[in-house]
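K.L.:
Structure provided below as structure tokens; questions to follow.
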Amino acid sequence: MIGVYIHFPWCLRKCPYCDFTSYATRQDDVPHEAFAGAVIRELERRLLAGDWTGSKLTVFVGGGTPSLWRPEALGRVLARLRELGELVEVTVECNPSSLDADGATRLAAAGVGRLSVGVQSLEARHLAFLGRLHDGPGALGALVAARAAALRVSADLIAGMPGQTPAELERDIDAVVEAGVEHLSVYTLTIEPGTPFGDLQRRRLLAAPSDDHLADLYEAARAALASRGFEHYEVSNWGRHCLHNRVYWEGGQYLGLGPGAFGFHRTTGGGVRYRNTLDPARYLSPSPPDDWRENLSAADLVNEGVLLGLRLREGIDLAALGARHGLDAIAPRARAVERLCREGLLEREGTRLRIPEERWLLADRVIRELFVIGQGSNRGP
Numbered sequence: 012m013i014g015v016y017i018h019f020p021w022c023l024r025k026c027p028y029c030d031f032t033s034y035a036t037r038q039d040d041v042p043h044e045a046f047a048g049a050v051i052r053e054l055e056r057r058l059l060a061g062d063w064t065g066s067k068l069t070v071f072v073g074g075g076t077p078s079l080w081r082p083e084a085l086g087r088v089l090a091r092l093r094e095l096g097e098l099v100e101v102t103v104e105c106n107p108s109s110l111d112a113d114g115a116t117r118l119a120a121a122g123v124g125r126l127s128v129g130v131q132s133l134e135a136r137h138l139a140f141l142g143r144l145h146d147g148p149g150a151l152g153a154l155v156a157a158r159a160a161a162l163r164v165s166a167d168l169i170a171g172m173p174g175q176t177p178a179e180l181e182r183d184i185d186a187v188v189e190a191g192v193e194h195l196s197v198y199t200l201t202i203e204p205g206t207p208f209g210d211l212q213r214r215r216l217l218a219a220p221s222d223d224h225l226a227d228l229y230e231a232a233r234a235a236l237a238s239r240g241f242e243h244y245e246v247s248n249w250g251r252h253c254l255h256n257r258v259y260w261e262g263g264q265y266l267g268l269g270p271g272a273f274g275f276h277r278t279t280g281g282g283v284r285y286r287n288t289l290d291p292a293r294y295l296s297p298s299p300p301d302d303w304r305e306n307l308s309a310a311d312l313v314n315e316g317v318l319l320g321l322r323l324r325e326g327i328d329l330a331a332l333g334a335r336h337g338l339d340a341i342a343p344r345a346r347a348v349e350r351l352c353r354e355g356l357l358e359r360e361g362t363r364l365r366i367p368e369e370r371w372l373l374a375d376r377v378i379r380e381l382f383v384i385g386q387g388s389n390r391g392p
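Pasting the structure below:
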């Protein structure tokens with residue numbers, strides 16, 4: 012299975028925590044057809060440079076706010092992708108402020124089957140803090156509209172806002188589940204340098220959420236979703252699996268299309284990752300340049316396999332991971348694995364490793380200890 016990620020770079024207002032490639036614009040100024048044409052041109056160029064055909068493709072349109080893109084223009088891109096293989100999952104990210112019943116129906120008609128809605132919170136004070144354009148009722152209305160159009164629906168929530176309580180997060184979870192979502196992501200608030208929140212933190216006007224606060228919220232989310240029957244299949248994700256994200260977590264190849272999009276393809280003995288130009292104007296030109304490319308060794312890919320695979324409930328099979336890349340993935344990590352198992356941070360069954368669910372909050376620490384510098388890798392976690 013091959014993933015296709017399309018990055019739509021425009022939004023109506025950039026949120027103060029966002030460090031993605033996105034640019035605020037008026038909805039009337041979005042170049043719908045020109046952008047579709049540029050994405051198709053890039054797709055044709057990438058197809059000439061490597062073998063991207065496959066029997067099954069997943070598509071994820073992120074941003075920015077892709078729900079600002081006219082569905083019929085997106086449909087042109089999906090029609091071309093459909094010529095390469097079966098589109099087994101097509102997801103579009105949406106903000107509640109730009110999704111209504113008509114928009115959901117048109118997205119479904121264009122070939123979209125799944126929406127990922129950026130709810131983030133239903134509490135007015137938290138939405139104001141996050142700089143969101145919607146309110147709680149508007150977010151629930153967007154979820155209902157998507158379900159009415161027979162679309163599968165995922166929702167994102169954020170944990171870690173100042174003063175957020177576990178009870179508030181539980182109420183948000185209950186409400187979005189009642190609205191019909193089948194998948195839920197709960198991400199902790201991350202304050203990134205160069206964002207307005209990052210500037211406030213640098214000036215000591217905003218503190219990052221404490222570990223204890225995040226742990227209380229995470230445990231509340233786990234309990235609430237378990238009581239609703241949602242499978243906790245990845246550190247931050249519950250419910251019916253997102254096939255596109257599994258392409259990343261399982262080390263698959265993915266095409267990145269659009270400004271700032273990342274792509275990855277395997278090569279003999281390693282792989283290549285690229286990122287497109289960040290500038291939408293340059294991207295719309297006839298021959299937009301890559302922003303950068305990096306060559307990845309087999310050891311780099313094993314390290315990445317550890318990093319991504321241990322986020323999954325089933326964990327990773329180190330023997331299979333090493334065999335895929337022609338390296339011994341077990342011996343260089345043997346002492347760290349023994350120690351982490353003794354500490355209860357890892358479980359081992361043969362050559363398969365997994366982090367116990369009750370220890371998932373410590374996943375970053377476990378992963379750092381299993382990174383191996385050497386075997387041709389100089390990249391840290």
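Plus 11 on top of the position in the sequence shown (first one is 1) and you've got my numbering. From the three backbone atoms N, C-alpha and C, an ideal C-beta is built for every residue, glycine too.
#1: Please classify N287: is it buried, with 16 or more other beta-carbons within 10 angstroms of its beta-carbon, or exposed?
#2: Provide the residue span of the beta strand (DSSP E) that contains T199, from first to last.
#3: Quick check: the region 347 to 358 against the region 302 to 310, are at least 3 beta-carbon pairs closer than 8 Å?
#4: Could you tell me the alpha carbon to alpha carbon distance between L228 and L321, rounded to whole angstroms?
#5: Assuming Y259 is part of the alpha helix (DSSP H), what are its boundary residues?
#6: Run the CB neighbour count on N389, radius 10 Å, all protein chains shown included, and call it buried at 16 or more, exposed below.
#7: Report the three-state DSSP secondary structure of V123 (helix, strand or coil).
#8: So, at 6 Å on beta carbons, what are the nonlocal neighbours of L138 in its own chain, with the 5 sequence-adjacent residues on each side left out?
#9: If contact is defined by three or more beta carbon pairs under 8 Å, each pair taking one atom from either stretch, is the region 68 to 83 in contact with the region 115 to 130?
#10: Please determine, among D111, D30, L266 and R163, the residue with the shortest C-alpha to C-alpha distance to G124.
#11: So, are the CB atoms of G74 and P20 less than 9 Å apart?
#12: List the endpoints of the continuous alpha helix (DSSP H) containing G355.
#13: Could you give the distance in angstroms between the alpha-carbon of S127 and the alpha-carbon of E100?
#14: Along the chain, which unbroken stretches of the beta strand (DSSP E) at least 3 residues long are found entirely within the region 218 to 299?
#15: What residue ranges within the region 135 to 198 form continuous beta strand (DSSP E) runs of no fewer than 3 residues, ordered along the chain?
#16: For C22, write down the residues that DSSP places opposite it in a beta bridge.
#17: Measuring straight from C-alpha to C-alpha, what distance separates D185 and A342?
#18: Compare the beta carbon distance of G269 and H43 with 9 Å and say whether it is the shorter of the two.
#19: Closer than 8 Å by C-beta to A226: which residues in its own chain qualify, once you throw out the five before and the five after it? Chain order, please.
#20: In terms of residues, what are the limits of the alpha helix (DSSP H) holding L10?
#21: Where does S132 sit, in a helix, a strand or coil, going by DSSP?
#22: Taking C-alpha atoms, which residue in L364, A235, I202 and Y265 lies nearest to D30?
#23: What are the start and end residues of the beta strand (DSSP E) that includes F71?
#24: Does G280 pass the burial test, meaning 16 or more other C-beta atoms within 10 Å, or should it be called exposed?
#25: How about the region 102 to 110 and the region 151 to 160: do they share at least three Cβ pairs that are nearer than 8 Å?
#26: Between the beta-carbon of P220 and the beta-carbon of G142, is there less than 9 Å?
#27: Taking buried to mean at least 16 other C-beta atoms within 10 Å of its own C-beta, is C352 buried or exposed?
#28: What does N106 pair with, by DSSP beta-bridge criteria?
#29: My guess is that S196 and S247 are in contact by the Cβ rule of under 8 Å, so how many angstroms apart are they, rounded?
#30: E368: which of H243, V50 and L211 sits nearest, CA to CA?
#31: Quick check: does the Cβ of R370 come within less than 8 Å of any heavy atom belonging to the ligand SAH?
#32: Who are the near neighbours of V313 in its chain, counting only those whose CB is closer than 8 Å to its CB and skipping five residues on each side?
#33: Measure the C-alpha to C-alpha separation of S66 and R91 and round it to an integer number of angstroms.
P.N.:
Let's see:
#1: buried
#2: H194 to T199
#3: no
#4: 22 Å
#5: L254 to W260
#6: Any reading at N389 must be qualified, since the residue scores a pLDDT of 46, below 50, and its modelled position is unreliable; the value itself is stated next. With fewer than 16 Cβ atoms within 10 Å of its Cβ, N389 is classed as exposed.
#7: coil
#8: S132
#9: yes
#10: R163
#11: yes
#12: Here G355 belongs to no alpha helix (DSSP H), and DSSP marks it neither H nor E.
#13: 12 Å
#14: 243 to 245, 248 to 250, 265 to 268, 273 to 278 and 281 to 287
#15: 163 to 170
#16: A35
#17: 46 Å
#18: no
#19: L372
#20: Because residue 10 is not part of the residues shown, which for the chain are 12 to 392, the question remains open.
#21: coil
#22: I202
#23: K67 to G74
#24: exposed
#25: yes
#26: no
#27: exposed
#28: Paired residue(s): none; N106 is not in a bridge.
#29: 5 Å
#30: H243
#31: In the structure on display, the ligand SAH does not appear, and there are no ligands present to speak of.
#32: L332, G333, H336, L338, A340, V383, Q386 and S388
#33: 14 Å
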